[in-house]
Amino acid sequence: MQPQAFYRAVADDFSAVDGIIKKQLTSRVPLVSKIGDYITSAGGKRLRPLLVLLCGKALGREGDDMRLLAATIEFLHTATLLHDDVVDMSGMRRGRKTANATWGNAPSVLVGDFLYSRSFEMMVELGSMPVMKILSQATRIIAEGEVLQLSKVRDASTTEETYMEVIRGKTAMLFEASTHSAAALAGATPEQSEALRTFGDHLGVAFQLVDDLLDYRGDAETLGKNVGDDLAEGKPTLPLIYTMREGTPEQAALVRKAIQKGGIEDLESIREAVEASGSLEYTAQLARDYVARAIVCLEALPPSEYRDALVELSEFAVARTH
């Protein structure tokens, strides 16, 4: 499956969004523009603005407002990345050094604040109260998700239910906000709006499940980040939670100890344990289930190439290797 296909459906709009992002990054303080440009030009998938554009077109709405909304979503996402990398003390993202590893924590946090602020200026420019309500609530929920995750670091008693609450907040919420706000801006029917909101949630959950799976099945060069990062930080993700719950006593003890102390000294043993316990296949199947449910939600949209592109994008989310 070629991801270019679903980007091609909105190629002109996507190019226009890039232009808006570059324009909105300008600041009278050169370091702000420099760090902002560094992280936005890092070659990410930009799935969230893509979702905005595809959902808008699937509902028959396009133009400058939808493009501005897509750029706003990307600014919110980029701000969370800057802050996350500082919190996680990450040194690598998308195949190169993180902003905090290059310029330090303080500038990274402050530029993240700048991007949040700029995104809210762009929301005001849109002039849509429903969109502002969706995105402001999403920003709060994302912050709560990150704090919840932080509170569970090195906590080997974390349940699958709590894990799902974390990923719904920290990752799925912005997917949901992307599709839901696009529906609001496009004047969707209540049924279509709810269907797209649910679609975004399910797709976001699946996306994070695959991310957590790849932390044990991927390689650093393909992923663009260090394999085992979650383990190093003591994050109890689903592959680890399942292994502690369903694995042998030895496998469970190995994982529990690794979460409690953090670090990647036992990474290879952990990778073997999560594979042998069946946790990676369990995680992959759960991701496939969520994507299947997401695709069903799209039946609320009229048939079009844009709806087809949303289906392809959903399938790509669980088939990807990085």
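So in full-length UniProt numbering, the last one in the sequence shown is 322, and the numbering has no gaps at all. Glycine residues also receive a C-beta, built at the ideal position from the N, C-alpha and C atoms.
What first and last residue would you give for the alpha helix (DSSP H) that runs through residue i?
i: V10; result: No alpha helix (DSSP H) holds V10; DSSP gives it neither H nor E.
i: S277; result: It is not in any alpha helix (DSSP H) - S277 carries neither H nor E in the DSSP assignment.
i: residue 331; result: Shown here, the chain extends from 1 to 322; a query on residue 331 therefore has no answer.
i: V87; result: 64-88
i: V32; result: 30-40
i: A99; result: 99-103
i: E305; result: 305-319
i: R48; result: 47-58
Taking residue i as the reference, which of the options has the closest Cα?
i: A9; options: A317, E305, A319; result: E305
i: S15; options: G36, K34, V32, P49; result: P49
i: Q137; options: S108, K170, M164, T158; result: K170
i: T40; options: I73, G127, E315, A183; result: I73
i: F316; options: S277, F207, P239; result: F207
i: A182; options: G60, A143, D88; result: G60
i: A70; options: I142, L185, A284, V111; result: L185
i: L267; options: A232, E250, A11; result: A232
i: V86; options: K133, E191, E146; result: E146
i: P239; options: D230, V274, M164, Q260; result: V274
i: residue 345; options: Y38, S178, L214; result: The question about residue 345 has no answer here: the residues shown for the chain are numbered 1 through 322.
i: Y7; options: A319, P303, E312; result: E312
i: L203; options: E191, D18, L31, F175; result: F175
i: P30; options: V111, T248, T98, N105; result: V111
i: Y38; options: D64, V17, L81; result: L81
i: D64; options: M123, T98, A99; result: M123
i: K257; options: N105, T98, A156; result: A156
i: I21; options: I142, N105, M164, E121; result: E121
i: K152; options: D230, R288, N105, S269; result: D230
i: M164; options: T98, A99, I241, P190; result: I241
Would you please state the rounded distance, in angstroms, between the beta carbons of residue i and residue j? I believe it to be under 8 Å.
i: T243; j: V255; result: 5 Å
i: V166; j: Y290; result: Not really, about 15 Å apart at Cβ, beyond 8 Å.
i: G36; j: L150; result: About 25 Å separates the two Cβ atoms, so there is no contact after all.
i: R307; j: L301; result: 5 Å
i: I295; j: S277; result: Not really, about 29 Å apart at Cβ, beyond 8 Å.
i: G234; j: G262; result: 4 Å
i: L53; j: D13; result: 5 Å
i: S119; j: A79; result: 7 Å
i: L51; j: G200; result: 7 Å
i: R96; j: I259; result: Contact doesn't hold; Cβ gap of about 28 Å is too wide.
Rounding to the nearest angstrom, what Cα-Cα distance links residue i and residue j in this structure?
i: D84; j: Q4; result: 28 Å
i: G44; j: L209; result: 18 Å
i: A253; j: Y282; result: 20 Å
i: C55; j: Y216; result: 33 Å
i: E272; j: S279; result: 11 Å
i: D212; j: E299; result: 29 Å
i: T107; j: S33; result: Before going on, a small fix: residue 107 reads as Pro here, not Thr. Each residue's Cα considered, the two are about 11 Å apart.
i: E62; j: V109; result: 34 Å
i: L135; j: E265; result: 40 Å
i: A172; j: L286; result: 15 Å
i: A188; j: T198; result: 14 Å
i: L47; j: W103; result: 27 Å
i: M92; j: A101; result: 8 Å
i: M129; j: K23; result: 24 Å
i: T321; j: A42; result: 18 Å
i: K57; j: T158; result: 41 Å
i: M1; j: A319; result: With a pLDDT of 43 at M1, under the threshold of 50, the modelled position of that residue is not reliable, and no figure is offered here.
i: M66; j: S90; result: 33 Å
i: T139; j: L76; result: 8 Å
i: E250; j: E160; result: 20 Å
i: R245; j: P303; result: 43 Å
i: K133; j: G127; result: 11 Å
i: E194; j: H180; result: 7 Å
i: T162; j: Q192; result: 29 Å
i: T248; j: V131; result: 48 Å
i: A11; j: L214; result: 29 Å
i: D18; j: L25; result: 11 Å
i: A143; j: R168; result: 11 Å
i: K99; j: D88; result: In the sequence under discussion, the amino acid at residue 99 is Ala, which differs from the Lys named in the question. Approximately 13 Å between the Cα atoms of the pair.
i: R288; j: L196; result: 18 Å
i: S117; j: I270; result: 41 Å
i: I141; j: E125; result: 23 Å
i: L148; j: P190; result: 31 Å
i: N105; j: C297; result: 41 Å
- alpha helix (DSSP H) segments (min. 4 residues) lying fully within the region 227-264: 229-232, 238-246, 249-261
- Task: Identify every run of the alpha helix (DSSP H) within the region 168-200, keeping only runs that are complete inside it and at least 4 residues long; order them along the chain.
- Result: 173-186
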